[in-house]
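Note that full-length UniProt numbering numbers the sequence shown so that position 127 is 127, with each residue one more than the last. The beta-carbon is built from N, C-alpha and C at its ideal position, and this holds for glycine as well. All figures in this text were calculated on a predicted structure; none of them were measured in a lab.
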Amino acid sequence: MIGALLVWTAWPGHRADAMAETADAADQWRADERAQLESMRLPANVVKIDPSNRVAASAAAAQLGKRLFSDPRFSRNGAIACASCHTPDRQFEDGRPLAIGLGTGMRRTMPVVGTTDAPWLFWDGRKDSVWSQAIGPIEDHNEHGGTRLRAAHVLAEHYRDAYEPLFGPLPDLSALPRDGGPLGTDTEKAVWQGLDERTRADVSRVFANLGKAIAAYEATLQYGPSRFDTYVDGVRTGDPVKLAALTPTEKAGLHLFVRKGQCMTCHTGPMLSDRQFHNIGVPPRSGTAADPGRAAALAKVLHDEFNCMGPFSDAKPEQCEELQFISTDDPQMLGAFKTPSLRNVALRPPYMHAGQFASLEAVMRHYADAPAAAIGHSELKRIALSDEEQRQLAALLGAFSGPVVER
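1) How many angstroms separate the CA atom of Met364 from the CA atom of Phe257?
2) Quick one: using the 10 Å Cβ neighbour count with 16 as the cut-off for buried, is Thr115 buried or exposed?
3) I'd like the list of long-range same chain contacts for Ala166, defined as Cβ closer than 8 Å, with 5 residues on each side in sequence excluded.
4) My understanding is that Ser401 touches Leu347, with C-beta atoms under 8 Å, so please give their C-beta distance in whole angstroms.
5) Is it buried or exposed, Ala336, if we count other Cβ atoms within 10 angstroms and call 16 or more buried?
6) When the distance is taken between beta carbons, is Ala370 closer than 8 Å to Gly281?
7) For the stretch 386 to 395 against the stretch 314 to 332, are there 3 or more C-beta pairs whose distance is under 8 Å?
8) If you pair each beta-carbon of the stretch 29 to 39 with each one of the stretch 233 to 244, do three or more pairs fall below 8 Å?
9) Hey, out of Lys127, Asp27, Gln28, Met40, whose CA is closest to Met264's CA?
10) Could you tell me the alpha carbon to alpha carbon distance between Asp304 and Gly293, rounded to whole angstroms?
11) Quick one: what does DSSP say Tyr159 is sitting in, helix, strand or coil?
12) In chain order, what are the residue ranges of uninterrupted alpha helix (DSSP H) at least 4 long that sit wholly in the UniProt domain "Cytochrome c" (248 to 401)?
13) Count the other CB atoms within 10 Å of the CB of Phe69; is the residue buried (16 or more) or exposed (fewer)?
14) Sorted by chain position, which residues of the same chain lie with C-beta nearer than 7 Å to Val405's C-beta, five sequence neighbours on each side aside?
15) In whole angstroms, what separates the C-alpha of residue 408 from that of Pro182?
16) Could you compute how far the alpha carbon of Cys308 sits from the alpha carbon of Thr249?
17) Let me know if Lys48 comes out buried or exposed under the rule of 16 or more other beta-carbons within 10 Å of its beta-carbon.
18) Need the endpoints of the alpha helix (DSSP H) that Leu64 sits in, please.
19) Would you call Glu93 buried or exposed, if buried means 16 or more other Cβ atoms sit within 10 Å of its Cβ?
20) With a cut-off of 8 Å, do at least 3 Cβ pairs link the stretch 375 to 384 to the stretch 267 to 280?
21) For Gln222, which three-state DSSP category applies?
22) Where do the N-terminal and C-terminal ends of the alpha helix (DSSP H) with Glu33 fall, by residue?
23) Measure the CB-CB distance between Thr87 and Arg96 and report whether it falls below 8 Å.
24) Measure the CB-CB distance between Phe74 and Gly146 and report whether it falls below 8 Å.
25) Using the C-alpha atoms, what's the distance from Gln193 back to Pro349?
26) Take the Cβ of Pro111 as the centre, count every other Cβ of all protein chains shown within 10 Å, and call the residue buried at 16 or more, exposed below.
27) When the Cα atoms are used, what is the spatial distance from Ala295 to Met333?
28) Just mark Thr104 as buried or exposed, buried being the case when its beta carbon has 16 or more other beta carbons within 10 Å.
29) Output needed for Thr268: all residues of its chain with C-beta closer than 6 Å, excluding positions within five of it in sequence on either side, in chain order.
30) Starting from the Cα of Ala399, find the closest Cα among Phe312, Leu246, Lys338, Ser204 and give me that residue.
31) What alpha helix (DSSP H) runs, 4 residues minimum, are completely inside the stretch 67 to 120?
32) For Gln392, which residues from the same chain have a beta carbon less than 8 Å from its beta carbon, with the 5 sequence-adjacent residues on both sides left out?
33) Can you tell me whether Asn344 is buried or exposed? The criterion is at least 16 other CB atoms within 10 Å of its CB, across all chains shown.
34) Bridge partners for Lys127 per DSSP, in chain order?
35) Quick one: grab the DSSP three-state call for Val404.
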C-alpha cells in the first residue's frame, strides 16, 4: 500500500518534469537556426524606397494615392477601382480564385500589402515596380478597361490641386478626345496613333505619375507583428511569455518549416518570400492550358516603357540592377511563379496563382506529393510528411497572421 502510494504521489511530478522537458525541447534551436528565425522576424520598418519613384516616401503623394486607389472613374464602366479587387477588409485582395473586373482574369488577385521591397510584381513578374504595376490593370480590358487619355482627363478634372504640387503642371488636354491609348478598342488605338509623339509622351507621363501616387499610398500598407514574431523575439530573449506565443502544434510546425520541410528554400526574409520564381508543379485549373508563367513575362518587362530604365522612371540606370541582370534564357522559368508572402496567408484562401487549392491542408498535400509539372520542370522533391506533420505545418501558417497597418 505504501509502495502504491509512493508511485501515485511521484507520478504527477514526473509527468510535469517530462512536459517541461518537452516544452523546453520545442524552444531549443541551433545558432544557425536562431539566425534564420531572426531573419524572418518583422523589423521596425520594412519600407524600402524605390529609386524609380521620387515621390515614394511623400506623405502628400500617399494621400493622393489613397484617393486614386478608391476612384472608379478611371475604369471604362465607371464602377471599378483598385479597391474593388484589393479590398481593405479582405487583406487587400478579393478572396476569389480568379480576378474579376470587366471580365475574368487568368490568375488570382495578389495583395498589395508589404510589396515595396519586391523587385518584381504580379505572379509572373511582368512589372518591376509597384507604380508600374498599379497602372497595368487600368488599361487591361479584363480589369478596369480604361485608357491613358481617360486617366489624364480624370486627374485634370478632379485632382489638379493635389497632382500639380507633386508632379508639376498638367498638359493642356482640352483639345484631346476623352479616350485613347495603345491598348483598348481599335478606335481608341487609332486615336492614340493620331496624336503627335510629344502629346503621347506627356499623357504617358501623367499616367505614370498616377501609378507613382498609388504606389506611395501602397507603401504605407504594412503587415504588423504576428504571434510568430513574438515567439522569435522570445527565442532571442528567453522571455517565457513570448515563448508561449505559439502552441505546441505550431512549434512542431516551425521545426518542420526550418528543417525537414525545407520551406525556407523559398520562404525567407521578413515577408517570408524570396521574391523569386519557382515551378512547383501546381496543376492548371480544370479545362485550362498550362500557364507558362515567368517565361512568358520576361520579354514583357524588358520592353515595358514603364520599367526601371524607361523614360518615365526616376532611377539612374545603375539603380536598376534587377532589370539589367535579368536572365532571359533560364529554362527553369517555364511554369514558374513568384513565391507569395506567407504573411497573413491563412486569412486569404484559395491558394496558388489561379486559386487551385481551397485550403492550406490541400497545399500541404501538394507539397508532400510533389507531382510532376504540367509544363516545365518542378523543383519540388518528394518529402515524406505524415498527415500529422502536414497538420502541424498548416497550423504554423496561421501563426504568421497579424494586423495590416497603415503607417
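In short:
1) Answer to the nearest angstrom: the Cα atoms are 12 Å apart.
2) buried
3) Here the sequence assigns Leu to residue 166, which means Ala is not the residue at that position. Within the same chain, Cβ atoms closer than 8 Å to the Cβ of Leu166 are found at Val55, Ser58, Ala60, Ala61, Leu64, Asn209, Ala213, the five residues on either side in sequence being excluded.
4) Confirmed, about 6 Å.
5) buried
6) yes
7) no
8) Contact between the stretch 29 to 39 and the stretch 233 to 244 is present, because at least three Cβ pairs lie under 8 Å.
9) Met40
10) When rounded, the distance between both Cα atoms is 17 Å.
11) coil
12) 248 to 258, 294 to 302, 321 to 324, 360 to 369, 387 to 398
13) buried
14) These residues qualify, in order along the chain: Gln222, Gly224.
15) The structure shown does not extend to residue 408, since the chain is modelled only from 1 through 407, so no value can be given for it.
16) 44 Å
17) exposed
18) Membership of Leu64 in the alpha helix (DSSP H) is indicated by the continuous run 59 to 69.
19) buried
20) yes
21) strand
22) 31 to 40
23) no
24) yes
25) 43 Å
26) buried
27) The straight-line gap from Cα to Cα measures roughly 5 Å.
28) exposed
29) Asp274
30) Residue nearest to Ala399 within the set Phe312, Leu246, Lys338, Ser204 is Leu246 (criterion: CA-CA distance).
31) 82 to 85
32) Thr249, Glu250, Ala252, Gly253, Leu256
33) By the Cβ neighbour-count rule, Asn344 is buried, with 16 or more other Cβ atoms within 10 Å of its own.
34) Leu121
35) strand
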